[in-house]
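Heads up: the structure comes next, in structure tokens.
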Amino acid sequence: MPATPKELADEVLKAAGDTTSIGVGGTAKVAGRDAYQLVIKPKQAGSMVESVKIAVDASTGTPLKFTLASVDGGKPVLDAGFTKVDFGKPDASAFDFKAPKGAKVTEGAADKAGKAGKDGKFGEHGPVPGMEKGFGGPLGSLMGGAGEGGKNHPEVIGEGWTAIAKLDTGAKAPKTEEAPKEVQGFLDGLGDKVSGKFGSGTVFKTKIVNALMTDDGRVYVGAVTPQALVDAANAGK
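FYI, in my numbering the residues of the sequence shown are 31 to 267.
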């Protein structure tokens with residue numbers, strides 16, 4: 031999972047394609063440094079992503095801040111940035127190392143340090159199968175995505191920012207009307223009841239990712255609006 035502004039920016043820009051609009055949106059001041067704003071937006075309608083803004087250091091080109099905003103407004107869904115930054119070169123003495131008294135020191139070739147063997151025991155694991163496809167396009171690269179379907183991977187419907195992951199659980203949703211009234215109220219409060227050509231189901235919402243669980247056991251998930259999920263279910267996809 032990317033954590034720094036640069037890692038986040040690299041993931042989004044790497045995944046950006048024809049469904050993405052990229053432009054410059056003014057300047058900013060981050061960690062006391064002048065920066066320009068790179069603004070990334072979905073071209074497609076139906077995405078829950080309003081924009082991704084990357085504040086780039088005007089002198090070094092280093093991403094200083096990454097902000098992901100939802101179409102629902104309010105506080106950013108993700109806001110990662112530096113409050114203090116120093117591009118100065120550290121003194122060589124900062125890397126001096128003296129082994130503790132009594133410690134055994136084994137010297138080896140520097141170019142082999144930190145490398146894993148074929149079994150990938152030391153950070154050499156590749157991507158989780160199917161995740162490179164991702165749901166939500168560029169957003170999926172930040173969250174981990176879904177694959178092409180099959181036993182362990184949901185099917186991906188669409189592409190880019192409005193991609194939807196579909197999973198058929200094969201299990202019908204429990205009927206809330208059969209539960210006690212107190213339980214019914216609790217369960218109904220967790221999501222919004224919806225219906226359409228697909229039948230009926232419940233939409234569970236967050237500021238960026240929404241999910242539709244149909245009463246016959248299908249699940250649609252994506253960084254898209256609830257209506258986009260209903261449309262996908264209605265289309266029988």
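We treat Cβ as the ideally placed atom computed from N, Cα and C, and that holds for glycine. Only a predicted model underlies this, so the values are computations on that prediction, with no experimental measurement involved.
| task | Answer yes or no: do Met78 and Thr232 have a C-beta to C-beta separation smaller than 8 Å? | result | The residue you call residue 78 lines up with position 48 of the sequence shown. The residue you call residue 232 lines up with position 202 of the sequence shown. Judged by beta-carbon spacing, Thr232 lies beyond the 8 Å limit of Met78, meaning their Cβ atoms are not closer than that value.
| request: For my contact list, Val260 and Gly226 are in at a C-beta cut-off of 8 Å; report their separation, rounded to the angstrom. | output: For the purposes of this step, residue 260 is taken as the residue at position 230 of the sequence shown. For the purposes of this step, residue 226 is taken as the residue at position 196 of the sequence shown. Between Gly226 and Val260 the Cβ distance is about 5 Å, and since that is below 8 Å, they are a contact.
| In this structure, does DSSP put Lys163 in helix, strand or coil? | Taking the sequence shown and counting its residues from 1, one reaches residue 163 at position 133. Low local confidence applies: a pLDDT of 46 at Lys163 is under 50, so the model's placement there is unreliable, with the coordinate-based value given in what follows. Note: Lys163 maps to coil in three-state DSSP.
| task | Sort out for me which residues DSSP pairs Gly47 with in a bridge. | result | Position 17 of the sequence shown, counted from the start, is the residue given in the question as residue 47. None; Gly47 has no bridge partner.
| request: Confirm the yes/no value for this check: CB of Ala33, any heavy atom of the ligand HEM, distance under 7 Å. | output: Summarising the ligand content, the structure contains no ligands, and the ligand HEM is consequently not present.
| said: Per the DSSP calculation, Glu185 is bridged to which residue(s)? | reply: One-based indexing of the sequence shown puts residue 185 at position 155. Answer is Lys196.
| field | Selection from Thr97, Ala193 and Val115 that minimises the alpha carbon distance to Ser89 | value | For the purposes of this step, residue 89 is taken as the residue at position 59 of the sequence shown. From the listed residues Thr97, Ala193 and Val115, the smallest Cα separation to Ser89 is found for Val115.
| Looking only at DSSP bridge pairs, what is Ser81 linked to? | Sequence index remark: in the sequence shown, residue 81 carries index 51 (1-based). Paired residue(s): Ala99.
| query | In three-state terms, what does DSSP make of Val42? | reply | In the sequence shown, the residue the question calls residue 42 occupies position 12. Here DSSP, grouped into helix, strand and coil, assigns Val42 to helix.
| query | Per DSSP, Phe228 forms a beta bridge with which residues? | reply | Mapped onto the sequence shown, residue 228 falls at position 198. Checking the DSSP bridge columns, you'll see Phe228 has no partner listed.
| task | Report the residue from Met31, Ser81 and Gly56 whose alpha carbon sits nearest the alpha carbon of Ala46. | result | Counting from one through the sequence shown, the residue named residue 46 turns up at place 16. Out of Met31, Ser81 and Gly56, the CA that lies nearest to the CA of Ala46 is found in Ser81.
| task | Buried or exposed for Ser51, please, with buried defined as at least 16 other CB atoms from any protein chain shown within 10 angstroms of its CB. | result | Working through the sequence shown from its first residue, we reach residue 51 at position 21. By the Cβ neighbour-count rule, Ser51 is exposed, with fewer than 16 other Cβ atoms within 10 Å of its own.
| query | Does the distance from the C-beta atom of Gln74 to that of Ala85 stay below 8 Å? | reply | Residue mapping note: residue 74 aligns to position 44 of the sequence shown, counting from 1. Residue mapping note: residue 85 aligns to position 55 of the sequence shown, counting from 1. No, they are not a contact pair.
| Given 8 Å as the limit, is there contact between the segment 182-199 and the segment 239-253, that is, 3 or more CB pairs closer than that? | A contact exists between the segment 182-199 and the segment 239-253.
| message | Quick check: the Cα distance between Glu41 and Asp87, rounded to an integer number of angstroms? | response | Here residue 41 refers to the residue found at position 11 of the sequence shown. Here residue 87 refers to the residue found at position 57 of the sequence shown. Each residue's alpha carbon lies about 18 Å from the other.
| field | C-alpha distance - Ala99 paired with Arg63, whole-angstrom precision | value | What you label residue 99 is simply residue 69 of the sequence shown in a count that begins at 1. What you label residue 63 is simply residue 33 of the sequence shown in a count that begins at 1. Distance from the CA atom of Ala99 to the CA atom of Arg63, rounded to whole angstroms, is 23 Å.
| query | How big is the Cα-Cα spacing for Pro35 and Thr113? | reply | Along the sequence shown, one-based indexing puts residue 35 at 5. Along the sequence shown, one-based indexing puts residue 113 at 83. In this structure, the straight-line span from the alpha carbon of Pro35 to that of Thr113 is close to 12 Å.
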